Amino acid sequence: MMSLEIIIAVLTVIIVILVLLLAGYQRQVKSICRQLRFWKKYDSNLMISREIEWGGIGDLADILNEMLELRKREKKKYMEKEQMISDIYTNLSHDIRTPLTSLDGYFQMLETAKEEKEQKRYIRIIQERIESLNDMLEEWFTYTKLKNETYHLKMERCLLSRILKDTVFSYYDEWTKRGIEPIFDITEKPAAVMGNPEVLRRMIQNIIKNGLDHGEGQMKIALKTEGMNCILRFENQVEHPEEIETERIFERFYKADEARSKNSAGLGLSIAKEFAERMGGKIRADVTGFCFSIEIKLPMVQ
């Protein structure tokens, strides 16, 4: 008789424990559901909390938190992309308005000009403004293309020294017109990299153009090999080095000198950075005294 009472007592205790555990389990499930509804309604950044780990509750909460964290990252990326598009449209409309207004004015002056010499002058200015506007739009197109995750560069073995020389000498007339005699220090050793020829040219062009637009006096251009890397270096003097923020120089839309950047979208160096990194390289800027320099390091191939 005593043994039956003991059995009943033990079973009662077990049943009570099971009921309590089941109640706690149900309470935890309801808590998770309540947290998910709150998260859905208010787009909260809170993670799912739990009081118990057994019965799969811990694993369930961990998986849900991983999904919520992933969604947070995706949302942040989406918001950054939306902000970038908004910035692009805002800056594009601002940057295009000035040259378009200028063009309209010169077209009006061309219509009223009577002397052939004066007409030719206005035509030349209009052509220069159109070329400037075209360069600006090309910058915008290139930048948006680079920010597209599906865009891939076609890579091949490129002789960097040859591309550098060809690109540099295409600016001969521009340097001559400005009375600038650039200084070259280009290694005679084969300096080959894995890259895209057109992208390498554009990267070099953007840096040279930046030097022409914002630099003073001579420009030094050097190419050397160091270990397993090719080092490209561009140097020029600047009038106000204190205005240059080297940590921001490669940011999109950054313009240290607004007065001299009216015909630029402020994307040239940002594009150069994207190009360098797409080819597995690094780029950095430095200011020492009145000397501003940009250095690009690209992995060398045989």
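Position one of the sequence shown corresponds to residue 1 (UniProt numbering), numbered consecutively onward. Note that CB positions come from ideal geometry on N, CA and C, so glycine has one too. Because the structure is a prediction, the values reported are computed rather than measured.
Applying the criterion that 16 or more other CB atoms from any shown protein chain within 10 Å of the CB defines a buried residue, is residue i buried or exposed?
i           : result
I163        : buried
M228        : exposed
Q127        : exposed
T90         : exposed
G58         : exposed
C230        : buried
T112        : exposed
I6          : exposed
R67         : The displayed chain sequence assigns Met, not Arg, to residue 67. Exposed, by the Cβ-count rule.
K262        : Its pLDDT being 49, under 50, K262 is placed unreliably in this model, and the value from its coordinates should be taken loosely. Classification for K262: exposed.
residue 323 : With the chain represented from 1 up to 302, any question about residue 323 goes unanswered, as that position is not in the structure.
I283        : buried
A61         : buried
L4          : exposed
L223        : buried
I17         : exposed
Q302        : exposed
Q108        : exposed
Pull up the distance between the alpha-carbon of residue i and that of residue j, whole angstroms please.
i           : j    : result
C291        : G217 : 11 Å
A259        : N45  : For A259, the predicted structure reports a pLDDT of 44, less than 50, and the residue's modelled location is therefore unreliable. A value from the coordinates is still provided. Spanning the two alpha carbons is a distance of roughly 43 Å.
A191        : C158 : 8 Å
S102        : R129 : 8 Å
D87         : R50  : 42 Å
G289        : M136 : 31 Å
V10         : L70  : 47 Å
E118        : H214 : 30 Å
Q26         : I8   : 26 Å
E74         : V238 : 42 Å
E156        : K177 : 35 Å
K189        : I183 : 18 Å
Q205        : S170 : 9 Å
P99         : W140 : 15 Å
residue 309 : K273 : Because the chain spans 1 through 302 in this model, residue 309 falls outside it and cannot be assessed.
R185        : M300 : The identity of residue 185 in the sequence shown is Asp, whereas the question assumes Arg. Straight-line Cα distance between these residues: approximately 18 Å.
V13         : L20  : 10 Å
I180        : K81  : 41 Å
Y106        : D43  : 53 Å
K77         : K41  : 21 Å
T246        : I52  : 52 Å
L115        : K165 : Sequence inspection shows Glu at residue 115; the Leu mentioned does not correspond to that position. Straight-line Cα distance between these residues: approximately 43 Å.
K72         : D173 : 53 Å
M1          : I15  : Its pLDDT being 49, under 50, M1 is placed unreliably in this model, and the coordinates cannot settle the point.
P197        : E138 : 18 Å
R37         : E149 : 33 Å
Rounded to the nearest angstrom, how far is the Cβ of residue i from that of residue j, given a contact under 8 Å?
i    : j    : result
F275 : M203 : 4 Å
V193 : L160 : 5 Å
G195 : N236 : Incorrect: roughly 24 Å between the Cβ atoms, too far for contact.
G281 : I296 : 6 Å
I123 : L110 : 7 Å
T187 : T225 : 6 Å
I48  : L64  : 5 Å
L267 : Y143 : 5 Å
R278 : L153 : 5 Å
Would the beta-carbon of residue i fall within 9 Å of that of residue j?
i    : j    : result
F234 : I208 : yes
L298 : L232 : yes
I244 : L269 : no
query: Enumerated in chain order, which unbroken segments of the beta strand (DSSP E) with a length of 3 residues or greater are wholly contained in the segment 200-252?
result: 216-226 and 229-237
query: Going along the chain, which unbroken runs of the beta strand (DSSP E) with 3 or more residues stay wholly within the segment 21-88?
result: none
query: Taking the runs of the alpha helix (DSSP H) that are 4 residues or longer, which of them lie wholly in the segment 144-197?
result: 160-169 and 172-178
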